[in-house]
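Quick note, the sequences are listed as chains A and B, same order. Residue -5 is where the first sequence starts when you use the numbering used here, and the numbers rise one by one after that. Residue -5 is where the second sequence starts when you use the numbering used here, and the numbers rise one by one after that. Structure first, commentary second.
There are 2 protein chains.
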Amino acid sequence: MAPGKRLLNLETMNQAVLHVRVPVQGSVSARAVEMQKEINQGIIKPFRSITKCHYADPQAMGHKPRTFLRQVVALCTYPDLLDTDHFAEDAKHRAREILKKLDNGSVGSYNPNFIGRVMPPKIAKFIEQRDGGVPSDPRHIIVTGGTSKAVLNVLALVVNEEEPLKTGIVVPVPHYPLYSDAIALFGATKVEYVLDEEHGWAVNVDRIRESLRTARKHCNPKVLCVLNPGNPTGHVLSRDNIEEIIRLAAEENLLLFADEVYQENVFAPGSVFHSLKKVLFEMGPEYSDRVQLVSIYSISKGISGECGLRSGYIEFVNVEQAVFRHFDILKSFDIPSIIAVLALEVLVDPPQPGDPSYETFQAEAQNRLSSQLEKARLAEEMLNRDPGIRCSPIQGALYAFPCIQIPERAISLAQEQGQAPDVFFCHLLLEETGILVDGTSFGQEKGTSHFRISLLHPLEELKSILEKIVEFHKKFHREYS
Amino acid sequence: MAPGKRLLNLETMNQAVLHVRVPVQGSVSARAVEMQKEINQGIIKPFRSITKCHYADPQAMGHKPRTFLRQVVALCTYPDLLDTDHFAEDAKHRAREILKKLDNGSVGSYNPNFIGRVMPPKIAKFIEQRDGGVPSDPRHIIVTGGTSKAVLNVLALVVNEEEPLKTGIVVPVPHYPLYSDAIALFGATKVEYVLDEEHGWAVNVDRIRESLRTARKHCNPKVLCVLNPGNPTGHVLSRDNIEEIIRLAAEENLLLFADEVYQENVFAPGSVFHSLKKVLFEMGPEYSDRVQLVSIYSISKGISGECGLRSGYIEFVNVEQAVFRHFDILKSFDIPSIIAVLALEVLVDPPQPGDPSYETFQAEAQNRLSSQLEKARLAEEMLNRDPGIRCSPIQGALYAFPCIQIPERAISLAQEQGQAPDVFFCHLLLEETGILVDGTSFGQEKGTSHFRISLLHPLEELKSILEKIVEFHKKFHREYS
């Protein structure tokens, strides 16, 4: 039997998987990995290492973890430390309280009770405070092992292959590619609506209606995804815009999927995060009794950026208990790490005024937000100085997503190489400067070119990165015009 | 619009999910949850709490975590502790080494390099030592976020819905129900082979051949699952038996899925764990160049029982790089918690002779294994004293799976209540003694009745549990005969 005839091969494997890309790994990222290898092998480049600006990993880029959170986690992991004096008293107190609720006081147990019964009421309280008192039902909250798995599990619940038409998932353009990949994996149909870049990346509901009209000829649109704050766009939706979206979801009978993982990363003066749920309930029972909503939260983003730990939660609204129960079953394949759940515990129930760790905990948040604002302003300013680059105001999240002019000759060359013009640009930028940013992975309005850059490097470093990008873009423009 | 007409409801949701149960949660478990609530509400029962013997959560049942492992994890989580004197020097050294390899020295980063490049060679070395030098290729090893997700991801790769026949997954009876649930979720077809209880739960390859013959009329069997040591059966496969299985897989062109998560839990004198991979390679290139094999490992089992942390690995053999690459993509939806990966790091690269923590680390393992042996002997002995119970020799894993006689009248009563006879027995046992064990979730040979009991409670407690079970079974037998 030849090796090619082995049972599992490219022809026999799940064909849907072939359509899934590695998240945040386009061809530019792959080239960056090769280049780093070349550098390690001693090949001389105009730079000493790759500058990764293609993804948001705050702690990898120098952000400090939050002291109280890490103290609680370390204490719970190794409780002998409770007898030492290296920790704030409230961290010790919190760790003791948590250990009492863990099965046999151990993070090494599955702890279904802690994950499934202790956490949801705490999360519900957190949501109620966030939403000015709008009630949250702990029975409809599930702790997850991270955003990717949350998205997969929601799709696993919604995509019904026994129906004659494929399930349509309506997503904004641009969007974080996780959605495209998950849709491909489930063999669902992606239905796109283009965000209105001219108006601060607002959601134009007429465009969604138009997309739906066309889509309904060949699929059954069920879910409308809204990313607020936006990734990669860094916009924050206005309250009015959210009302429009909710009215549309009600009229078109769509389940709203609110990716609100950047809810704590809102820093622009005048920008406020309104959760879709809060607005839904403020619109009254005509909407709040009807519209189905799923909202996700992650410890990877926000102020803490604990990407390595892997946890978050999902809140369901207006999903009947029987359906929810089945989601719970799906979720049982994705038991989160209890260590990550402890981090979530701290974030939804942070130190209070008067607690020894309160000042530090607050200061860490304030510093982070003012630093994010400073970096966003710097990016807007520096990028917009180049007449060939247009960066919309950045109100939240961790990225800039500037629109770049690509000269005609570069577009033709890109076409010859089978590349999108912005991917062509990103490749050249990488080769010349070592700066890794990502192009069309996110999708964009036809005929435009963009890249996403994460704004997480220390300020001075970011300034130098932006300088190099602008300088390179000008040169690129000259060369290919 | 009536609430029943909301978009997502029981009729519109993914119908495959309706066939999935909550793992380890049959009707008996559900009743136990109710009963615990009743006890909490003050309702008087003949016992003060539910004695959970239906699942294996070593630390919840009193097992101590391994000191070195927890020290390393605590130090990496809160590196300020490196300057204190509460830790073994080798734990500090290990933590420093790990922190050097983490992105920016933080467990809060995604750390794709640590998970994807630092860990696989370490795991490969561990596997090579385990298998007496049989080579292991780090490029074919993937760190996972736990067994459930590993099983799901392998099925996600293998089940190809574009083929005319459904994908068949061949599983032993009895088996840990995760497999049935995952098969249901993917809409694959379960093909069963009954283990030979009379011969220590050996795999009878003729029975598999017969199952395949029948199954091939309606599905395309692709994967043969082998659980070694067995769950729920506690058997350890002999080397000869493994050879037979491999020959069968070669002849029938099946991918072998080796669930070897209990590989360190082998304690019976004379029993040795042979990995399927080791035997495959010892059978020579005729087999080792051809037979495709996937093997899983978990930190939840073994000596350490770190169920709460969630990690493990998968090793692929004879799966071509292009296919493997796609598995890697699937896996990118399941980023494990880096904390759990650190625990895995310690387990595949434990303290060595001469290291300060070596003696303790070894003693912890020896104590655990001798205690497991003692409990297994106790269970066999006490259960077999009852002529109506037959417990096969327990060689490994963490369970007993005794065969019990159910009197005719009880069988009729069970039928009237729509219950399997052993579920009927488990319900009554629970109501009368508060002891929770699980019946037919695992499947069994037609006409037989069994239950699974985990052997994790402290010895004296286990003795009292077993006494109560035997006493109850005798009474049950008298009452219904």
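From the three backbone atoms N, C-alpha and C, an ideal C-beta is built for every residue, glycine too.
{"query": "Within chain A, partners of B:Gln65 - CB distance below 8 angstroms", "result": "Tyr72"}
{"query": "Cα-Cα separation, A:Asp77 to B:Glu300", "result": "23 angstroms"}
{"query": "Same chain only: Cβ atoms within 8 angstroms of A:Gln366, ignoring 5 sequence neighbours per side", "result": "Asn259, Phe261, Leu392, Leu449"}
{"query": "Simplified DSSP state of A:Thr141, which is helix, strand or coil", "result": "helix"}
{"query": "Exposure of B:Leu12, with buried meaning 16 or more beta-carbon neighbours within 10 Å", "result": "exposed"}
{"query": "Contact set between the segment 282 to 301 of chain B and chain A, restricted to residues whose Cβ is under 7 angstroms from the partner", "result": "Arg284, Gln286, Gly299, Glu300, Cys301"}
{"query": "Straight-line Cα distance separating A:Gly140 from A:Asp84", "result": "27 angstroms"}
{"query": "Partners in chain A for B:Glu156, counting only beta-carbon separations shorter than 7 angstroms", "result": "Gln9"}
{"query": "Length of the line joining the Cα atoms of A:Val217 and B:Arg0", "result": "12 angstroms"}
{"query": "Segment contact flag, the segment 96 to 115 of chain A with the segment 375 to 385 of chain A, C-beta cutoff 8 angstroms, min 3 pairs", "result": "no"}
{"query": "Minimum C-alpha distance to B:Phe436 - residue among B:Ile117, B:Gln286, B:Gly228", "result": "B:Gly228"}
{"query": "Sequence-distant residues of the same chain with beta carbon closer than 6 angstroms to A:Met(-5), five excluded per side", "result": "Confidence at A:Met(-5) is low in this model, with a pLDDT of 42, below 50, so its placement is unreliable and the value that follows should be read with caution. So the list is empty, once near-sequence residues are dropped."}
{"query": "Inter-stretch contact at 8 angstroms, needing at least 3 Cβ pairs: the segment 114 to 133 of chain B / the segment 336 to 344 of chain B", "result": "yes"}
{"query": "Nearest-angstrom beta carbon gap, B:Thr71 and B:Ile333 [assumed within contact, 8 angstroms]", "result": "7 angstroms"}
{"query": "Reduced DSSP secondary structure (H/G/I, E/B, other) of A:Arg50", "result": "Looking at the sequence provided, one finds Ala at residue 50 of chain A rather than Arg. In the structure shown, A:Ala50 sits in coil (DSSP, three-state: anything other than H, G, I, E or B)."}
{"query": "Under 9 angstroms from the C-beta of B:Arg472: neighbouring residues of chain A", "result": "In chain order: nothing, as chain A lies at least about 36 angstroms away."}
{"query": "Run of the beta strand (DSSP E) containing B:Ser289, from where it starts to where it stops", "result": "287 to 292"}
{"query": "Cβ neighbour criterion (16 or more within 10 Å) applied to B:Pro17", "result": "Confidence at B:Pro17 is low in this model, with a pLDDT of 44, below 50, so the placement of that residue should be treated as unreliable; the coordinate-derived value is given next. So B:Pro17 counts as buried."}
{"query": "Chain-order list of residues whose beta-carbon lies under 8 angstroms from that of A:Gly126 (same chain, five-residue window excluded)", "result": "Lys272"}
{"query": "Where the alpha helix (DSSP H) through A:Ile38 begins and ends", "result": "Where A:Ile38 is concerned, there is no enclosing alpha helix (DSSP H), given that its DSSP letter is neither H nor E."}
{"query": "Contact set between the segment 102 to 126 of chain B and chain A, restricted to residues whose Cβ is under 7 angstroms from the partner", "result": "Gly102, Ser103, Tyr104, Asn105"}
{"query": "Chain-ordered neighbours of B:Pro132 on chain A, where CB pairs are closer than 7 angstroms", "result": "Under the 7 angstroms cutoff, chain A gives no residues; its nearest Cβ is about 16 angstroms from B:Pro132."}
{"query": "Separation of A:Val145 from B:Thr427, as counted between CA atoms", "result": "42 angstroms"}
{"query": "Cβ contact (3+ pairs, closer than 8 angstroms) linking the segment 19 to 32 of chain B and the segment 42 to 50 of chain B", "result": "yes"}
{"query": "Cβ of A:Ala68 within 7 angstroms of any chain B Cβ", "result": "yes"}
{"query": "A:Tyr187 versus A:Ala196 - alpha carbon distance", "result": "11 angstroms"}
{"query": "Near-chain B residues of the segment 300 to 328 of chain A (beta-carbon distance less than 7 angstroms), N- to C-terminal order", "result": "Glu300, Cys301, Gly302, Leu303, Arg304, Asn312, Val313, Glu314, Ala316, Val317, His320, Ile323, Leu324, Ser326, Phe327, Asp328"}
{"query": "DSSP state of B:Asn107 mapped onto helix, strand, coil", "result": "helix"}
{"query": "7 angstroms Cβ cutoff, B:Ser174 in contact with chain A", "result": "no"}
{"query": "8 angstroms Cβ shell around A:Ser364 - same chain, five flanking residues per side excluded", "result": "Phe261"}
{"query": "Within-7 angstroms CB hit, B:Ala89 to chain A", "result": "no"}
{"query": "Pairwise C-alpha distance: A:Arg241 and A:Cys249", "result": "At residue 249 of chain A the sequence reads Leu, which differs from the Cys that was named. Rounded to the nearest angstrom, the two C-alpha atoms are 12 angstroms apart."}
{"query": "Spatial distance of B:Val288 from B:Ile177 (CA atoms)", "result": "17 angstroms"}
{"query": "Exposure label - B:Arg472; buried when at least 16 CB within 10 Å", "result": "exposed"}
{"query": "Reduced DSSP category for A:Pro479 - H, G, I as helix; E, B as strand; rest coil", "result": "Nothing can be reported for residue 479 of chain A: it is not among the residues displayed for chain A, which extend from -5 to 475."}
{"query": "Closest by C-alpha distance to B:Val167, when choosing among B:Gly306, B:Gln413, B:Phe395, B:Asn214", "result": "B:Phe395"}
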